[in-house]
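Here the structure comes first, spelled out in structure tokens, and everything after it is commentary.
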Amino acid sequence: MTTTDTRLTEEAVRTLVQEWYQALDRHAPVEEVVRYLADEGLVMHFPEGTLRGLDGFRSWYRDVTHRFFDEVHELTSVDVRFVSPVRAEVRVVVNWQTKVWNPPAPHSEWLGFDATQTWSVVLQDGTPRILTYTVDDLAPMPGSADLGV
1 MTTTDTRLTE
11 EAVRTLVQEW
21 YQALDRHAPV
31 EEVVRYLADE
41 GLVMHFPEGT
51 LRGLDGFRSW
61 YRDVTHRFFD
71 EVHELTSVDV
81 RFVSPVRAEV
91 RVVVNWQTKV
101 WNPPAPHSEW
111 LGFDATQTWS
121 VVLQDGTPRI
131 LTYTVDDLAP
141 MPGSADLGV
């Protein structure tokens, strides 16, 4: 995701989406992950609550990377609609599977969901960044444990 364009392209937005989930699956260092996010005005709506700004994201990321493990995000669809040359609305459907251990349980539990999300992506410093991120629906897969939120 290293472009210096003056307008968003569908390819750049799709690359952002792919790299975002690859970073989450690796539990990449938070400072690597925040480069995908807008510096100002970030709002993210998750089932467990809404966070604002990069500091809010850092706190959330610390929590989820200490709770979930063996994460795999598999993209099902990415639909990009341009609002302007520097802004796009993106509809993402992703299959998310992970494990969680809730102390003092003797074993971890498997979680699997199909998540439908809406993102607003903006061009910032020549690269696409996530400005808003909303989990619209989180449909559990058969046999999945409850997310617990």
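The opening position of the sequence shown corresponds to residue 1 in full-length UniProt numbering, with each subsequent residue numbered one higher. For each residue, glycine too, the CB sits at the ideal point set by N, CA and C.
{"Asked": "Please return the same chain residues whose Cβ sits closer than 6 angstroms to the Cβ of Met-44, not counting the five positions on each side in sequence.", "Found": "Leu-51, Tyr-133"}
{"Asked": "Assign His-73 to one of two classes, buried (16 or more other C-beta atoms within 10 Å of its C-beta) or exposed (fewer than that).", "Found": "buried"}
{"Asked": "Rounded to the nearest angstrom, what separates Phe-57 and Pro-106 at their Cα positions?", "Found": "31 angstroms"}
{"Asked": "With Val-30 and Tyr-61 assumed to form a contact (beta carbons below 8 angstroms), what rounded beta-carbon distance in angstroms separates them?", "Found": "5 angstroms"}
{"Asked": "Check whether the Cβ atoms of Leu-8 and Val-121 lie closer than 8 angstroms to each other.", "Found": "yes"}
{"Asked": "Tell me the rounded alpha-carbon separation between Thr-65 and Glu-71.", "Found": "10 angstroms"}
{"Asked": "Per the DSSP calculation, Tyr-133 is bridged to which residue(s)?", "Found": "Met-44, Trp-119"}
{"Asked": "Under the DSSP definition of a beta bridge, which residues are partnered with Ala-139?", "Found": "Asp-114"}
{"Asked": "I need the straight-line Cα distance from Ala-115 to Asp-25, nearest angstrom please.", "Found": "15 angstroms"}
{"Asked": "Between the C-alpha atoms of Thr-118 and Asp-146, what's the straight-line distance to the nearest angstrom?", "Found": "23 angstroms"}
{"Asked": "Between the Cα of Phe-113 and those of Trp-96, Val-78, Arg-129, spot the shortest distance and give me the residue it belongs to.", "Found": "Trp-96"}
{"Asked": "Ignore the nearest five residues each way along the sequence and tell me which others in residue 184's own chain have a CB closer than 7 angstroms to its CB.", "Found": "The question about residue 184 has no answer, for the chain in this structure spans 1 to 149."}
{"Asked": "Tell me where the beta strand (DSSP E) around residue 156 begins and ends.", "Found": "An answer regarding residue 156 cannot be provided, because it is not within the stretch 1 to 149 covered by the chain."}
{"Asked": "Take Leu-131 as the anchor and find which of Phe-69, Val-93, Arg-87 has the nearest alpha-carbon.", "Found": "Arg-87"}
{"Asked": "Can you tell me whether Arg-81 is buried or exposed, with buried defined as 16 or more other CB within 10 angstroms of its CB?", "Found": "exposed"}
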